[in-house]
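Student:
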Amino acid sequence: MSVTTEKQSFSQDLIASAELSQFTEATASREKAFEDFKLVGLPDGKHEEYKFAPITKLLAKNFNADELYSKPTASNNDLSSLIPKGLGENCVVFVNGVYNKSLSKIKNTSKVVIKSFVEALESHLHVVTEGLTEIAESKDPFALLNSALWQDGLFIHVPAKATGEEPLYIYHLHDATEKKVASHTRLMVVVEKHAEFSIIERTDSLGKHPVFNTINEEILVDENAVFSYCKIQDDHGDLIHVGNTTVHQKKSSRADTYTISLNGKLVRNNLSIIIDGEGCESHFYGLYMTDGDTLVDNHTTVDHRKPNSFSNELYKGLMDGKSKGVFNGKIYVRPDAQKTNAFQSNRNILLSDTATINTKPQLEIWADDVKCSHGCTTGQLDGEALFYLQSRGIPKDTARAMLLYAFAGEVIDAIKDEHVKNYVDSIVSERLHKSY
Amino acid sequence: MSKDNQVLEEFSSKEYEHGWSIDLESDSAPKGLSEEIVRFISLKKNEPEWLLEWRLKAFRHWLTMKEPKWPNVKYPPIDYQDIIYYSAPKQKVQPKNLSEVDPELIETFKKLGISLTEQKRLTGVAVDAVIDSISVATTFKEKLGELGIIFCSFSEAVREHPDLVKKYLGTVVPSNDNYYAALNSAVFSDGSFCYIPKGVRCPMELSTYFRINAANTGQFERTLIIAEEGSYVSYLEGCTAPMRDENQLHAAVVELYAMKSAEIKYSTVQNWYPGDKDGKGGIYNFVTKRGICAGDYSKISWTQVETGAAITWKYPSCILKGDYSNGEFYSVAVTNNYQQADTGTKMIHIGKHTRSRIVSKGISIGKSQNSYRGQVHILKRAENARNFSQCDSLLMGDQCGAHTFPYIDVENKSAHVEHEATTSKIGEDQIFYCLQRGIDEEAAIALIVNGYAKEVLKQLPMEFAVEAQKLLALTLEGSVG
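Quick mapping for you: the protein sequence lines, in order, are chains A and B. Numbering-wise, the numbering used here comes out as the position in the first sequence, counting from 1, plus 64. Numbering-wise, the numbering used here comes out as the position in the second sequence, counting from 1, plus 257.
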């Protein structure tokens, strides 16, 4: 009981002390979000969506309420080493939640508008406000918290028919060498009609102090546009991350999302795909490979609002050590969304006796002329396959790594961008060879 | 398509066939619920002190609990003070054979097509008929007695076998387990008790027919089945209820206890009054059913065919405690008009090498909502546990809904858990294929639905399978013929 009260009081502390007056921009939407946040508060262990992710407990343990919204601090260390070589040519870097122009390199040949969120509030006010209202409708406590307390963000506008653009890398770096860091970042991407664009996002940090990071992402993919989004978490510090990503798809658009979670203290990804037009195609893939006491929680929702669309989901997990994997995949098919095809698959392998997996694939169907299915498996490595490889003279550890690599390969192979694919491939294989 | 709709409409307008009421002189408690009522029920049934205490404890706990809101169902709030918690058909002397039983009761069974005499003669099934909370006739008792099998009403068990009841009551479903289990524990009226001694294979299917009869009477049965080491029993439960306008609450508790190498097979055909086609009336069926495989190599198998009740809320579960124990759950749930069903199972794997299998088939028609909610939990020490779950939903009509909420929690790496679910409608190509071969549309739908539910229906004991198929055909009548 005492733990619950402690958590509640942490939530109350936060509500009581949060100073919205420090912000000068978008104050109306902040206040509305904060009013909504007050109603829900930080989720406790009984919250259905946060049952297995004790974020509030971790926050209460590691932070004081006022540390969650303090002004961002600059970093004195050189963080450029955190940017992987070869992937930094067209990139935007955030340091402790603030857009860092000196580390960012944006190719100016591009037609794409990339600017800080605060600047965009002036130049693209209309688009931004609309987006803010939409995400404010989310009932997720951390999405609301972010909407109230965001410090900085990025606005990306891809004009109509813009194709062949270079992918954009976004790095969220945190310097926790000296003190704790809490950052709240937003991202808004508007891909106009017939345009094509792709984004790769990655978080990382220096130092061992706890880092709390929330990111709200609002992505609008307009008619016939193609968008690809890859989120990589391979954080070297004690990261507590909550990401809320909403992809809004219009008629005949296509979106591919990849969520790769490899490290961190507690990583929670809320991915929500809204199919709001006919003839859409949406693919979303996830890979979580965890070790130590990492907890990765993926909540995905695909909301079919219009007919004749297709969605396909594949999430795979490898849990080792004391790590925990959580998966919740929801498929909603609204009454109007006839002729929807929606597929979902979640496969997990537990590698140690102390690792756990909680999964909840969920279908909610209100239309009759649909084909929907989900499958979910949990098991261990196939003993016979392992034996086969060993009998051919391959050492057990290598054989194991090979099999695990093949398991993860299904997701990696689905990544279309060659650079990203090679990059993910290299970190995954490095991980596998290091561990086995 | 229009013919499709027409067929569905005809089918949707099919009224409940078993709707009638018989005037039995009720010996009822006043409306409402309080400690006095709990004492009244206990007194009425001449219960020993410990049972009264047990009821009161459950009642006091119930007062502190809140009605669960998580099921995916909607209904107006229930006024628990507007329910009569006890009513018994008036009978001065316990009947020794059928001829002494109230002829009106016999008539009741005849209307249902399950007359006791016929059951006795044709199928050899022993029937413990529960009408309005009290057991009226128990047959084949002597025959079972020879084998040492106890099969009687719950109140009789309390009188005759208090040690057994005291030892096992509430061990599988504790009195504070959930809101409705606590309510049942406080006010349960009667039910069935079954005890199979060591090494005995029960030679016949044991069966109970429940009916809700007097208006405004919530029925709170309690069933307790104990299978000793190496024994086997197959138990059948079936329900129909007369047409009513007020919603009736039905909160039963079923506890199964299987010792080493014992096997319990529990089959249900549920056909409570589902409300009329505008969603008025109907039974609220909030049931807690749970079995424990306490010993190694034990097995519990649940089979259910759910066609009735305005709201169904039940999760027959297995606690697989013994090593190598086995749990099974087979379910067909059909919802029509405004019916809502939230049903599924829980498989808790505690012992090593435990296995479970879940097959759930949902059919939603009209404006109904059908949900599967289940949990497979593999605990840390459950080495080599194995689970397979399959949940399929069939949608007929564009205003119904099918929902799946499976929870899979695995804490042991050697576990092997598979889950799959599909949602679809009857394929036009399938119907076309049948039409092409001279099978009309109604028969085609019947054929396809029967095939869809076959995997579950074949699990039912023969005597029951006939009734279940009849019931399914009846539910689909109009569209099927």
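Think of the CB as a built atom: it goes at the ideal place given N, C-alpha and C, for glycine as much as any other residue.
Check the Cβ of HIS660/B against every Cβ in chain A and list those closer than 8 angstroms, keeping chain order.
Tutor: Within the second sequence, numbered from 1, the residue matching residue 660/B stands at position 403. The contacting residues are GLN426, LEU427, GLU428, ILE429.
Student: Between the region 462–479 of chain A and the region 338–352 of chain A, do three or more beta carbon pairs fall short of 8 angstroms?
Tutor: The region 462–479 of chain A, when compared against the region 338–352 of chain A, does touch it at the 8 angstroms Cβ threshold.
Student: In terms of residues, what are the limits of the beta strand (DSSP E) holding VAL475/A?
Tutor: In the first sequence, counting from the first residue as 1, residue 475/A sits at position 411. Taken as a continuous stretch (DSSP letters only), VAL475/A belongs to no beta strand (DSSP E), being part of the alpha helix (DSSP H) at 460–478.
Student: Go to ILE702/B, then tell me how far its alpha helix (DSSP H) extends in each direction, as first and last residue.
Tutor: Translated into the one-based positions of the second sequence, residue 702/B becomes position 445. Segment 698–714, the alpha helix (DSSP H) holding ILE702/B.
Student: So VAL290/A and GLU260/A are supposed to be a Cβ contact under 8 angstroms. How far apart are they, rounded?
Tutor: Mapped onto the first sequence, residue 290/A falls at position 226. Mapped onto the first sequence, residue 260/A falls at position 196. Their Cβ separation, rounded to whole angstroms, is 4 angstroms, which keeps VAL290/A and GLU260/A in contact under 8 angstroms.
Student: Could you name the residues of the same chain whose beta carbon sits closer than 7 angstroms to that of GLU89/A, not counting the 5 residues immediately before and after it, in chain order?
Tutor: In the first sequence, the residue the question calls residue 89/A occupies position 25. Counting only Cβ-Cβ distances below 7 angstroms, and skipping sequence neighbours, we find VAL182, LEU185.
Student: Along chain A, which residues have their Cβ under 9 angstroms away from the Cβ of VAL511/B?
Tutor: Here residue 511/B is taken as the residue at index 254 of the second sequence, counted from 1. None at all; the shortest Cβ gap to chain A is about 26 angstroms.
Student: Report, in whole angstroms, the separation of the C-beta atoms of LYS556/B and GLU520/B, which I expect to be a contact under 8 angstroms.
Tutor: In the second sequence, residue 556/B corresponds to position 299, counting from 1. In the second sequence, residue 520/B corresponds to position 263, counting from 1. At roughly 4 angstroms, the Cβ-Cβ gap stays under 8 angstroms, so LYS556/B and GLU520/B are in contact.
Student: Do ILE483/B and TYR554/B count as a contact pair if the criterion is CB distance below 8 angstroms?
Tutor: Along the second sequence, one-based indexing puts residue 554/B at 297. Along the second sequence, one-based indexing puts residue 483/B at 226. Not closer than 8 angstroms, so no.
Student: Helix, strand or coil for SER372/B per DSSP?
Tutor: Numbered from its first residue, the second sequence carries residue 372/B at position 115. In this prediction, SER372/B has a pLDDT of 47, which is less than 50 and means its spatial position is unreliable; what the coordinates show is noted afterwards. Collapsing the DSSP output to three states places SER372/B in coil.
Student: What residues from chain A crowd round TYR709/B, counting only those whose CB sits closer than 7 angstroms?
Tutor: On the second sequence, position 452 is the one that residue 709/B refers to. Ordered by position in chain A, no residue passes the 7 angstroms Cβ test against TYR709/B, which lies about 15 angstroms from the chain.
Student: Taking all protein chains shown into account, decide if TRP529/B is buried (16 or more other Cβ within 10 angstroms of its Cβ) or exposed.
Tutor: What you label residue 529/B is simply residue 272 of the second sequence in a count that begins at 1. Per the 10 Å Cβ criterion, buried.
Student: Which residues, in chain order, does the region 660–683 of chain B contribute to contact with chain A at a C-beta distance below 8 angstroms?
Tutor: HIS660, THR661, PHE662, PRO663, TYR664, ILE665, ASP666, VAL667, GLU668, ASN669, LYS670, SER671, ALA672, HIS673, VAL674, GLU675, HIS676, GLU677, ALA678, THR679, THR680, SER681, LYS682
Student: In the DSSP assignment, the beta strand (DSSP E) including HIS318/B goes from what residue to what residue?
Tutor: As a position in the second sequence, residue 318/B is number 61, starting the count at 1. The continuous stretches of beta strand (DSSP E) do not include HIS318/B, which lies in the alpha helix (DSSP H) extending over residues 306–321.
Student: Anything in chain A within Cβ reach of MET322/B, meaning under 9 angstroms, just list it in chain order.
Tutor: For this step, residue 322/B is matched to residue 65 along the second sequence. Those within 9 angstroms of MET322/B in chain A number zero; the least Cβ separation is about 15 angstroms.
Student: Could you please give the first and the last residue of the uninterrupted beta strand (DSSP E) stretch that includes ARG547/B?
Tutor: Stepping through the second sequence from its first residue, residue 547/B is reached at position 290. Segment 540–550, the beta strand (DSSP E) holding ARG547/B.
Student: Counting only Cβ pairs nearer than 8 angstroms, list the residues of chain A close to MET653/B.
Tutor: Within the second sequence, residue 653/B is the residue found at index 396, counting from 1. For MET653/B, the chain A residues whose Cβ falls inside 8 angstroms of its Cβ are ASP432, in order along the chain.
Student: Return the first residue and the last residue of the beta strand (DSSP E) that PRO425/A is part of.
Tutor: Translated into positions along the first sequence, residue 425/A becomes position 361. Taken as a continuous stretch (DSSP letters only), the beta strand (DSSP E) holding PRO425/A covers 420–429.
Student: May I ask you to list, following chain order, the residues of the region 404–428 of chain A that have a beta carbon less than 7 angstroms from some beta carbon of chain B?
Tutor: LEU414, LEU415, SER416, ASP417, ALA419, THR420, ILE421, ASN422, THR423, LYS424, PRO425, GLN426, LEU427, GLU428
Student: Grab the span of the alpha helix (DSSP H) containing GLU417/B for me, first residue to last.
Tutor: Against the second sequence, residue 417/B aligns to sequence position 160. First-last of the alpha helix (DSSP H) with GLU417/B: 411–417.
Student: What do you reckon, are the CB atoms on SER621/B and THR592/B nearer than 8 angstroms?
Tutor: For the purposes of this step, residue 621/B is taken as residue 364 along the second sequence, with counting starting at 1. For the purposes of this step, residue 592/B is taken as residue 335 along the second sequence, with counting starting at 1. The answer is yes: Cβ separation under 8 angstroms.
Student: Considering only the beta carbon of each residue, do ALA129/A and LEU78/A sit closer than 8 angstroms?
Tutor: For the purposes of this step, residue 129/A is identified with residue 65 of the first sequence, where counting begins at 1. For the purposes of this step, residue 78/A is identified with residue 14 of the first sequence, where counting begins at 1. Closer than 8 angstroms, so yes.
Student: Step through the CB atoms of chain B and report whether any lies within less than 8 angstroms of the CB of HIS438/A.
Tutor: Taking the first sequence and counting its residues from 1, the one referred to as residue 438/A is at position 374. HIS438/A counts as touching chain B.
Student: Classify GLY695/B as buried or exposed, calling it buried when 16 or more other Cβ atoms lie within 10 Å of its own Cβ.
Tutor: Start at 1 with the first residue of the second sequence, and residue 695/B comes out as number 438. The residue in question, GLY695/B, is exposed, as its Cβ has fewer than 16 Cβ neighbours within 10 Å.
Student: Assign TRP570/B to buried or exposed, taking buried as 16 or more other Cβ atoms, counted over all protein chains shown, within 10 Å of its Cβ.
Tutor: Translated into positions along the second sequence, residue 570/B becomes position 313. With 16 or more other Cβ atoms within 10 Å, it is buried.
Student: On a Cα-Cα basis, can you pick out the residue from VAL156/A, VAL191/A, THR193/A that is closest to LYS179/A?
Tutor: The residue you call residue 179/A lines up with position 115 of the first sequence. Considering only alpha carbons, the answer is VAL156/A.
Student: To which residues of the same chain is ARG479/B closer than 6 angstroms at the C-beta, ignoring the five residues directly before and after it?
Tutor: Indexing the second sequence from 1 puts residue 479/B at position 222. Answer for ARG479/B: PHE411, PHE445, GLY448, VAL510, listed in chain order.
Student: Would PHE74/A and ALA124/A be called neighbours here (beta carbons separated by less than 8 angstroms)?
Tutor: Mapped onto the first sequence, residue 74/A falls at position 10. Mapped onto the first sequence, residue 124/A falls at position 60. The Cβ-Cβ distance between PHE74/A and ALA124/A falls below 8 angstroms.
Student: Mind checking PHE451/A: buried by the 16 CB within 10 Å criterion, or exposed?
Tutor: On the first sequence, position 387 is the one that residue 451/A refers to. Per the 10 Å Cβ criterion, exposed.
Student: Terminal residues of the continuous beta strand (DSSP E) containing LEU270/A?
Tutor: Stepping through the first sequence from its first residue, residue 270/A is reached at position 206. In the DSSP assignment, LEU270/A falls within the beta strand (DSSP E) that extends over 260–270.
Student: Determine the DSSP secondary structure at MET653/B, reduced to helix, strand or coil.
Tutor: What you label residue 653/B is simply residue 396 of the second sequence in a count that begins at 1. DSSP places MET653/B in strand when its eight states are reduced to three.
Student: Does the region 625–642 of chain B come into contact with the region 370–385 of chain A, if we say contact requires no fewer than three beta-carbon pairs (one atom in each stretch) closer than 8 angstroms?
Tutor: no
Student: Assuming ALA240/A and LEU270/A form a contact by the criterion Cβ under 8 angstroms, report the distance between their Cβ atoms to the nearest whole angstrom.
Tutor: Along the first sequence, one-based indexing puts residue 240/A at 176. Along the first sequence, one-based indexing puts residue 270/A at 206. Correct: roughly 7 angstroms between the Cβ atoms.
Student: Within the same chain, show all residues whose beta-carbon is closer than 6 angstroms to that of ILE304/A, passing over the 5 residues directly before and after it, in chain order.
Tutor: Looking up residue 304/A in the first sequence gives position 240. If we look at ILE304/A and ignore the five residues flanking it on each side, its Cβ neighbours are LEU122, PHE276, LYS329, LEU330.
Student: Kindly provide the ranges of any alpha helix (DSSP H) runs that are 4 or more residues long and lie completely inside the region 422–480 of chain B, ordered along the chain.
Tutor: 436–444
Student: With a Cβ-Cβ cutoff of 8 angstroms, do VAL429/B and TYR514/B count as a contact?
Tutor: Locating residue 429/B in the second sequence gives position 172, where the first residue counts as 1. Locating residue 514/B in the second sequence gives position 257, where the first residue counts as 1. Taking 8 angstroms as the Cβ cut-off, VAL429/B and TYR514/B qualify as a contacting pair.
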